[in-house]
Amino acid sequence: MAETKYIFVTGGVASSLGKGIISASIGKLLQARGYSVTIQKFDPYINVDPGTLNPYEHGECYVTVDGHEADLDLGHYERFLNIRTTRANNTTTGRIYKSVIEKERRGDYLGKTVQVIPHITDEIKRNIKFLGNKYKYDFVITEIGGTVGDIESLPFIEAVRQMRWELGKSCINIHLTYVPYLAAAKELKTKPTQHSVKQLQEMGIQPDVLVLRTERHIPVEMRKKVALFCNVDHESVVECIDARNIYEVPLLMHKEGLDTAVLKKVGFSYKEDDINLTDWKGFVDRYNQAKDTIRIALVGKYVGLQDAYKSINEALIQAATYNDRKLVLNCVLSEELTEENADELLKNNDGIVIAPGFGQRGIEGKFVAARYAREKDIPAFGICLGMQCMVIEFARNVLGLKLANSTEMDSKTPDNVIDLMESQKEVTDMGGTMRLGAFDCHLTEDSNAYKAYKKMTISERHRHRYEFNNNYKEAFEKAGMSCTGINPETKLVEIVEITSLKWYLGTQFHPEYGSTVLAPNPLFMSFVEAAISNSKKK
Ligand code: GLN
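Read left to right, the sequence shown gives residues 22 to 559 (our numbering).
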């Protein structure tokens, strides 16, 4: 078997050009050609992981099956490639330094002065090669966060330069830039691209492939000019025009020849049409052809930022598409939702999702949403904090425990229906100490959860500190809220449902993380189906 090939994806000119989607698309195309592929992200910030970051910083925190709090791009990788990533797929500057400093304290550097070069760059290279060495993938794609020229990403760029020097043809660089259209001059401009490539060259990296993000088609002559100025083959200058949706990007990139440009660069032979994108195209067609809509309200406190609930949004789109519906997501800011305006803000929806979250702000609005859905029998899906809100609202308004709460919101509540696990009570370090990653869950037959998954044992990912308090389980079940998913080892409650309603279900776990384009999560499918039947009855 050939040795692992490394593809580095860097970005220039501006941030938010969609490096994550481009990396995932390259991965998808190589996978569709039969290669084994994984993708990893290197983030230049100093946080050890994004777990402590506010979603307004970098969007949602994604969680891998092995319990790593990761950059949301890992979500794109999993959803596009239908693969599972782990903590090895996401590294930050903070993690690199932490590991080097720990080694220094242990005396591993034998009295040497510890420096960015070689110690930090060696540690980066060790991390880059880890997955390739361990699993012998055909391709390891490494996305370097940030924009070339940033001070923070310098050690990563230097590590890429060294790897290219050491591995030669087995290592290629794809550089993503932006070609702006100046409306006043009626012209596309390539100068920013030229500058960005120069900057890379100054750091010792000659890009092999250029991907030019643009809003207008770039004429062939212009591409030739870029090729000439940037020392890149003409056919390796690939246009990436704004797509109608992210799922079309792999197809567009295939049409533009990005996959064959990569294969040529690493010295692999290929046949133009030896690629299987049938299932992917099937999804894209259904997505584009869906006419009827399904309207879902998403009640959360970060709804102002589109990336804050990325995985939920994507899981809903997947489920809607497989039901031949277009998703209309109505974001409702939980802080603004009250008993008085609930009808006005929620009534035009076929289903309601109550989002995950932390802390007090906006919590009352989530109780309002839970009550509204329960009383009006609107399909409702509570995820993590959303499930906890369903439980608290039920305790207050059905069990009559007026002061019931989670101890996260009120440490002195007389009815701590949601409380910290014993093991969490001693925790002082906030990083990576929640209940994280995939855990098994046993389902009760007859539940909507079981009907969705069609099996007794499932495994889904978690990210929380607080839990349903089992002392109240009997009271809840007697009053009609059943615990239909239980962790077989700890007996912790993972799913609650009001089985007398059409679809009223809360999960302590996050089913959205595991939902992919080709394998949508069963609970999201079942929720959307319930919302569709609800819409038909109106
Ligand atoms: N704040 C809640 C907890 O820690 C819920 C977390 C979440 O929604 N991810 O348990």
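Using N, Cα and C, we set each Cβ at its ideal position, and we do this for glycine too.
Assuming residue i contacts residue j under a Cβ cut-off of 8 Å, what Cβ separation, rounded to an integer in Å, is found between them?
{"i": "Asn370", "j": "Arg307", "result": "22 Å between Cβ atoms; not a contact."}
{"i": "Glu90", "j": "Pro71", "result": "6 Å"}
{"i": "Leu231", "j": "Ser257", "result": "7 Å"}
{"i": "Val549", "j": "Ala401", "result": "Actually they are not in contact, since the Cβ atoms of Val549 and Ala401 sit about 13 Å apart, beyond 8 Å."}
{"i": "Gly458", "j": "His483", "result": "7 Å"}
{"i": "His140", "j": "Tyr156", "result": "His140 to Tyr156, Cβ: 26 Å. No contact."}
{"i": "Phe497", "j": "Phe415", "result": "7 Å"}
{"i": "Met408", "j": "Val517", "result": "6 Å"}
{"i": "Ile375", "j": "Thr528", "result": "At roughly 11 Å, the Cβ-Cβ gap does not stay under 8 Å, so Ile375 and Thr528 are not in contact."}
Could you tell me which of the options sits nearest to residue i, measuring between CA atoms?
{"i": "Leu273", "options": "Ala552, Thr73, Ser547, Leu50", "result": "Leu50"}
{"i": "Asp263", "options": "His238, Gln61, Asn297, Gly421", "result": "His238"}
{"i": "Val305", "options": "Ala363, Tyr268, Glu24", "result": "Tyr268"}
{"i": "Met442", "options": "Met430, Gly452, Arg456", "result": "Arg456"}
{"i": "Thr107", "options": "Ala500, Leu93, Gln222, Phe388", "result": "Leu93"}
{"i": "Gln136", "options": "Ile117, Phe151, Leu152, Lys150", "result": "Ile117"}
{"i": "Ala45", "options": "Ile195, Gly527, Arg182, Ala401", "result": "Ile195"}
{"i": "Ser191", "options": "Ala552, Phe530, Tyr27", "result": "Tyr27"}
{"i": "Gly170", "options": "Ala35, Lys475, Glu429", "result": "Ala35"}
{"i": "Leu367", "options": "Asp313, Arg54, Arg392, Lys312", "result": "Arg392"}
{"i": "Thr428", "options": "Phe460, Asp440, Arg54", "result": "Asp440"}
{"i": "Ser432", "options": "Leu522, Gly535, Gly380", "result": "Gly380"}
{"i": "Asn362", "options": "Leu337, Ile375, Ala390, Ile373", "result": "Ala390"}
{"i": "Ile43", "options": "Cys251, Asn75, Glu277", "result": "Glu277"}
{"i": "Ala204", "options": "Glu236, Tyr525, Asp229", "result": "Glu236"}
{"i": "Pro271", "options": "Leu249, Cys251, Thr478, Thr299", "result": "Thr299"}
{"i": "Val58", "options": "His531, Asn110, Gly39", "result": "Asn110"}
{"i": "Asp568", "options": "Ser37, Tyr56, Ser556", "result": "Any question about residue 568 goes unanswered here, given that the chain covers just 22 to 559."}
{"i": "Asn68", "options": "Gly115, Gln52, Asn334, Gly33", "result": "Gly115"}
{"i": "Val259", "options": "Arg265, Pro228, Asn266", "result": "Pro228"}
{"i": "Gly535", "options": "Gly48, Asp87, Asn154, Gly32", "result": "Asp87"}
{"i": "Ala551", "options": "His531, Gly96, Ile373, Gly378", "result": "Ile373"}
{"i": "Ala425", "options": "Ala473, Ala470, Tyr493, Gly167", "result": "Tyr493"}
Return helix, strand or coil for residue i, following the three-state DSSP convention.
{"i": "Cys405", "result": "coil"}
{"i": "His89", "result": "coil"}
{"i": "Arg486", "result": "coil"}
{"i": "Lys347", "result": "strand"}
{"i": "Ile195", "result": "strand"}
{"i": "Ile60", "result": "strand"}
{"i": "Val438", "result": "coil"}
{"i": "Asn148", "result": "helix"}
{"i": "Tyr156", "result": "helix"}
{"i": "Asp371", "result": "coil"}
{"i": "Ser120", "result": "helix"}
{"i": "Phe379", "result": "coil"}
{"i": "Glu163", "result": "Rather than Glu, the amino acid found at residue 163 in this sequence is Thr. Strand."}
{"i": "Ile479", "result": "strand"}
{"i": "Met451", "result": "coil"}
{"i": "Met274", "result": "helix"}
{"i": "Ser332", "result": "helix"}
Sorry if obvious, but does the Cβ on residue i come closer than 7 Å to a heavy atom of the ligand GLN?
{"i": "Pro139", "result": "no"}
{"i": "Phe460", "result": "no"}
{"i": "Gly378", "result": "yes"}
{"i": "Leu319", "result": "no"}
{"i": "Glu515", "result": "no"}
{"i": "Arg482", "result": "no"}
{"i": "Leu406", "result": "yes"}
{"i": "Tyr1", "result": "No information on residue 1 is available, as it lies outside the stretch 22 to 559 that the chain covers here."}
{"i": "His216", "result": "no"}
{"i": "Tyr83", "result": "no"}
{"i": "Tyr487", "result": "yes"}
{"i": "Gln339", "result": "no"}
{"i": "Glu90", "result": "no"}
{"i": "Glu385", "result": "no"}
{"i": "Gln381", "result": "no"}
{"i": "Gln52", "result": "no"}
{"i": "Glu414", "result": "no"}
{"i": "Glu443", "result": "no"}
Between residue i and the ligand COA, is there a pair consisting of the residue's CB and a ligand heavy atom that are separated by less than 7 Å?
{"i": "Lys150", "result": "Here the bound small molecules are the ligand GLN; the ligand COA is not part of this structure."}
* Would you call the stretch 60 to 71 and the stretch 279 to 296 touching, i.e. three or more CB-CB distances under 8 Å? -> no
* Is there contact here, the stretch 344 to 353 with the stretch 290 to 297, by at least three beta-carbon pairs under 8 Å? -> no
* How do the stretch 124 to 144 and the stretch 22 to 30 stand: do at least 3 beta-carbon pairs fall below 8 Å, yes or no? -> no
* Cβ pair count under 8 Å reaching 3, the stretch 165 to 179 against the stretch 136 to 148 -> yes
* To do: Check whether the stretch 351 to 359 touches the stretch 385 to 393, counting contact only when three or more Cβ pairs, one atom from each stretch, lie closer than 8 Å.
  => Inter-segment contact for the stretch 351 to 359 and the stretch 385 to 393 is present: three or more beta-carbon pairs are separated by less than 8 Å.
* Asked: Does the stretch 294 to 303 come within contact of the stretch 493 to 511, defined as at least 3 CB pairs closer than 8 Å?
  -> no
* Asked: Any chance the stretch 535 to 552 sits against the stretch 410 to 421, with 3 or more Cβ pairs inside 8 Å?
  -> no
* Asked: Is the stretch 80 to 90 in contact with the stretch 433 to 450, if contact means three or more CB pairs nearer than 8 Å?
  -> Cβ pair count under 8 Å is below three, so no.
* Decide yes or no for the touch test of the stretch 243 to 262 against the stretch 202 to 216: beta carbon pairs closer than 8 Å, at least 3 of them. => yes
* Could you tell me whether the stretch 509 to 524 touches the stretch 459 to 473, where touching means 3 or more Cβ pairs closer than 8 Å? => yes
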